[in-house]
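Novice: Here it is, the structure, as structure tokens.
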Amino acid sequence: MTTSRTGGEALVEALEIHGADHAFCVPGESYLAVLDALYGARASIRLITCRQEGGAANMAEAYGKLTGKPGICFVTRGPGATNASIGVHTAFQDSTPMILFIGQADQSMLDREAFQEVDFRAMFAPLAKWSAEIRDPNRIPEYVARAFHTAVSGRPGPVVLSLPEDVLFGECSVPATKPYVKSEPSPSRADMEKFAGLLARAKSPLLMLGGPGWNAQAIEDARTFAQNFDLPVCTSFRAKDRFDNTHKNYCGDMGIGADPKLVKRLKESDLLIVVGARLGEMTTDGYTRIEAGRTLVHVHPGADELNRVYQADLPILSGVAPFLREAAGLNAPRNIAWRESTEAARANFEAWAKPVDAPGAVNPSDIFAWLNKHLPADAILANGAGNYAGWLHRFYLYRGYPTLIGPTSGAMGYGVPASVAAKLLHPERTVVSCAGDGCFLMNGQELATAVQYEAAIIVLVFDNGIYGTIRMHQEREYPGHVIGTDLKNPDFVALARSYGALGFHVKRTDDFAQAFHEAQTSKKPALIHITLDPEAISPTTTLSKLRAAKK
Ligand SMILES: Cc1ncc(C[n+]2csc(CCOP(=O)(O)OP(=O)(O)O)c2C)c(N)n1
Ligand SMILES: [Mg+2]
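If you read the sequence shown in numbering that gives the first Met the number 0, its first letter stands for residue 0, the second for the next number, and so on.
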């Protein structure tokens, strides 16, 4: 039996063996040999052609978030790779498994600044978990196997592989790779004994959930553990779907603009148990929320994340799932000292998540309250960055996992492509993309991809005519000095229709239900343009209040 095949064929063969079922791309002549091999493999790998590499990379990233398997993205040399870099950055910050393959110039041309030549190893060194260039077609199975393993192991993240043209057209004669097997650290018995001891001595513990490596069993185990010990449970920045927000133990989101009462609880807790989350700038509000004096247990699958900023009293190198399996089996004391405190935490959260008054004819908090009532528990909500996301994350109640796909990197333009990937993976589920007017136009072109592949996403465009987040900071720091933050927008409804999607315009809160219902029953991609009063800048303040505050 001969093993001879082109480099392109060997690469796609390896993808099939490792279980890739989708790949997201913008084509380039630099990797025609891969495209041809994908033609041969079209029954097992669905190739999604996008309109901009930023869209393709974000889709691959969202695929990684939703499946725990590396999202696969193919792009061409310099211009393609630079466009795709945003998705790599997000995958890094979000610990998402992903592999970006880049068509590279022929090796005989390299180091002459050949057409679109970039040293991708150097370019992606600080952006990716690992970046490499394959120089010999016979080493393709080895590199691809390592790429899959690296992307999923420890703290997951993005891998970038550069593929010189001669390597793809060349001959590969080595045997095929074996499928990768994910290895995941578990807590030791000594870890769990120490942990049980700390819990037994605690008076006001708090459990914080987040990060990568979750699955249905881990979600279930987190609930069992929290219930058994009646722990108040919060989630880290953009991880609100790791615990049912309607559960009596859920007490809020430790993201941007977190509930001050929750922050106070964090500061006053004597035992903070962080499972899976990084203790990053957003979750700690600039490294201010966690102070010395409390006992910290930090569970994380990446050794480099433990003790990175905060010295843990008990650092546990473990995936979230194996840790929670053990934690769910711990025996709780009969009398739990903090039971009333947990009830109070829940009452705070319920008050915090109640709709608030807002200036203008559309109140975003009422929109999310409506979605709480009408979306199925498994609906997926995607978002990018902007103040509109503050309304979403304060008022929408996530009830299943995975249902939240939003970047901790704070990348605008993520929501539309991410929701396309989600709908392709879960055609039976409702998938809603939330965007600001600024955010939407950063990757709104992927509405064409949604139409092309019949991915019936529902895009909510919250249009306040400004880059709201920046205007908010501008008014606070330099009141009245408005520059660079006004937007003159297209007619979003006409734009959606020109793509072949449905378009609706919502000018009053009460119009939303009808528009959403029509979008949902149409089974077509749809955009709902929601006009907001720019004054409604956040649930806690208005632009004029901010301006007045400094004067
Ligand atoms: C790719 C990218 N570019 C710039 C920023 C900086 N930034 C953060 S939020 C924001 C404004 C978002 O505007 P919009 O989408 O209209 O939402 P709004 O804040 O108005 O609700 C900007 C420019 C960013 N986070 N990401
Ligand atoms: Mg805006």
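We treat Cβ as the ideally placed atom computed from N, Cα and C, and that holds for glycine.
Shortest alpha-carbon distance to Val308 belongs to which of Tyr286, Phe322, Arg324 and Thr508?
Specialist: Looking up residue 308 in the sequence shown gives position 309. Among Tyr286, Phe322, Arg324 and Thr508, the Cα nearest to that of Val308 is on Tyr286.
Novice: If distances are taken between C-alpha atoms only, which option among Ser408, Gly275 and Ala199 comes closest to Asn334?
Specialist: Indexing the sequence shown from 1 puts residue 334 at position 335. That would be Ala199, whose Cα lies nearest to the Cα of Asn334.
Novice: If you follow the alpha helix (DSSP H) that Val143 is part of, which residue opens it and which one closes it?
Specialist: Taking the sequence shown and counting its residues from 1, one reaches residue 143 at position 144. Its alpha helix (DSSP H) spans residues Ile139 to Val151.
Novice: Could you give the residue range of the beta strand (DSSP E) that holds Ile527?
Specialist: Against the sequence shown, residue 527 aligns to sequence position 528. Ile527 -> beta strand (DSSP E) spans Ala525 to Thr530.
Novice: Residue ranges of each alpha helix (DSSP H) run of no fewer than 4 residues wholly in the region 23–77, ordered along the chain?
Specialist: 31–39 and 52–66
Novice: Buried or exposed for Arg324, please, with buried defined as at least 16 other CB atoms from any protein chain shown within 10 angstroms of its CB.
Specialist: The residue labelled residue 324 in the question sits at position 325 within the sequence shown. Counting the other Cβ atoms within 10 Å of the Cβ of Arg324 gives 16 or more, which makes it buried.
Novice: Which class does Thr468 belong to by DSSP, given the choice of helix, strand or coil?
Specialist: What you label residue 468 is simply residue 469 of the sequence shown in a count that begins at 1. DSSP places Thr468 in helix when its eight states are reduced to three.
Novice: On the criterion of 16 or more Cβ atoms from any shown chain inside 10 Å, does Glu290 qualify as buried, or is it exposed?
Specialist: Working through the sequence shown from its first residue, we reach residue 290 at position 291. Its Cβ having fewer than 16 others within 10 Å, Glu290 is exposed.
Novice: Just how far apart, CA to CA, sit Asn227 and Asn248?
Specialist: Locating residue 227 in the sequence shown gives position 228, where the first residue counts as 1. Locating residue 248 in the sequence shown gives position 249, where the first residue counts as 1. Those two C-alpha atoms are separated by around 11 Å.
Novice: Could you check where the beta strand (DSSP E) with Thr283 kicks off and where it finishes?
Specialist: Here residue 283 is taken as the residue at index 284 of the sequence shown, counted from 1. Neither: Thr283 is in no beta strand (DSSP E) and is coded neither H nor E.
Novice: Following the continuous alpha helix (DSSP H) through Ile272, name the residue where it begins and the one where it ends.
Specialist: Taking the first residue of the sequence shown as 1, we reach residue 272 at position 273. Not the alpha helix (DSSP H): Ile272 falls in the beta strand (DSSP E), residues Leu270 to Val274.
Novice: What's the C-alpha gap between Tyr142 and Ala514?
Specialist: Along the sequence shown, one-based indexing puts residue 142 at 143. Along the sequence shown, one-based indexing puts residue 514 at 515. Taking the straight line joining both Cα atoms gives about 49 Å.
Novice: In this structure, how does DSSP classify Tyr498 when only helix, strand and coil are distinguished?
Specialist: By 1-based counting over the sequence shown, the position of residue 498 is 499. DSSP places Tyr498 in helix when its eight states are reduced to three.
Novice: Kindly give me the distance between the Cβ atoms of Ile527 and Val460, rounded to whole angstroms, as I take these residues to be in contact under 8 Å.
Specialist: Taking the sequence shown and counting its residues from 1, the one referred to as residue 527 is at position 528. Taking the sequence shown and counting its residues from 1, the one referred to as residue 460 is at position 461. Indeed, because the Cβ distance is near 7 Å, the residues count as touching under 8 Å.
Novice: Val296 and Leu205 look like a contact to me (Cβ under 8 Å); what is the Cβ gap, rounded to whole Å?
Specialist: The residue you call residue 296 lines up with position 297 of the sequence shown. The residue you call residue 205 lines up with position 206 of the sequence shown. No, Val296 and Leu205 are not in contact; Cβ-Cβ is about 11 Å, not under 8 Å.
Novice: Would you be able to state if there are at least three C-beta pairs under 8 Å between the region 370–384 and the region 423–432?
Specialist: yes
Novice: Going by the C-beta, is Gly27 closer than 6 Å to any heavy atom of ligand 2?
Specialist: As a first step, residue 27 is located in the sequence shown; it is residue number 28 there, counting from the start. No, the Cβ of Gly27 stays beyond 6 Å of every heavy atom of ligand 2.
Novice: Taking DSSP as the reference, what is the three-state secondary structure of Leu486?
Specialist: In the sequence shown, the residue the question calls residue 486 occupies position 487. Residue state, collapsed to three classes: coil.
Novice: For ligand 2, I want to know if Asn306 counts as a neighbour, meaning its beta carbon is within less than 6 Å of at least one of the ligand's heavy atoms.
Specialist: Taking the first residue of the sequence shown as position 1, residue 306 is located at position 307. For ligand 2, not one heavy atom lies less than 6 Å from the Cβ of Asn306.
Novice: Report the rounded CA-to-CA distance for His472 versus Thr540, giving the unit in angstroms.
Specialist: As a first step, residue 472 is located in the sequence shown; it is residue number 473 there, counting from the start. As a first step, residue 540 is located in the sequence shown; it is residue number 541 there, counting from the start. Using only the alpha carbons, I get a separation of about 12 Å.
Novice: For Phe114, count the other beta carbons within 10 Å of its own beta carbon; 16 or more makes it buried, fewer makes it exposed. Which is it?
Specialist: Taking the first residue of the sequence shown as 1, we reach residue 114 at position 115. When all chains shown are included, Phe114 counts as exposed.
Novice: Keeping to the same chain, check which residues put their C-beta closer than 7 Å to that of Phe322; ignore five residues upstream and five downstream.
Specialist: As a working note, residue 322 is residue 323 in the sequence shown. Taken in chain order, the residues that qualify are Pro186, Val274, Val298 and Ile315.
Novice: Might you give, ordered along the chain, the residues of its own chain that have their beta carbon closer than 7 Å to the beta carbon of Ile482, omitting 5 neighbours on each side?
Specialist: Along the sequence shown, read from residue 1 onward, the residue named residue 482 stands at position 483. Within the same chain, Ile482 has no close Cβ partners at all.
Novice: Determine the closest residue to Ser94 out of Ala238, Lys422 and Ser268, with distance taken between C-alpha atoms.
Specialist: Your numbering for residue 94 matches position 95 in the sequence shown. Of Ala238, Lys422 and Ser268, the residue nearest in Cα terms is Ala238.
Novice: Can we count Cys438 as close to ligand 1, meaning its CB is less than 6 Å from some heavy atom?
Specialist: On the sequence shown, position 439 is the one that residue 438 refers to. The answer is yes for Cys438.
Novice: Beta strand (DSSP E) containing Tyr387: first to last residue?
Specialist: Translated into the one-based positions of the sequence shown, residue 387 becomes position 388. That residue, Tyr387, is in no beta strand (DSSP E); its alpha helix (DSSP H) goes Asn386 to Phe394.
Novice: Please determine whether the Cβ atom of Gly383 lies at a distance below 6 Å from any heavy atom of ligand 3.
Specialist: This structure lacks ligand 3; its bound ligands are ligand 1 and ligand 2.
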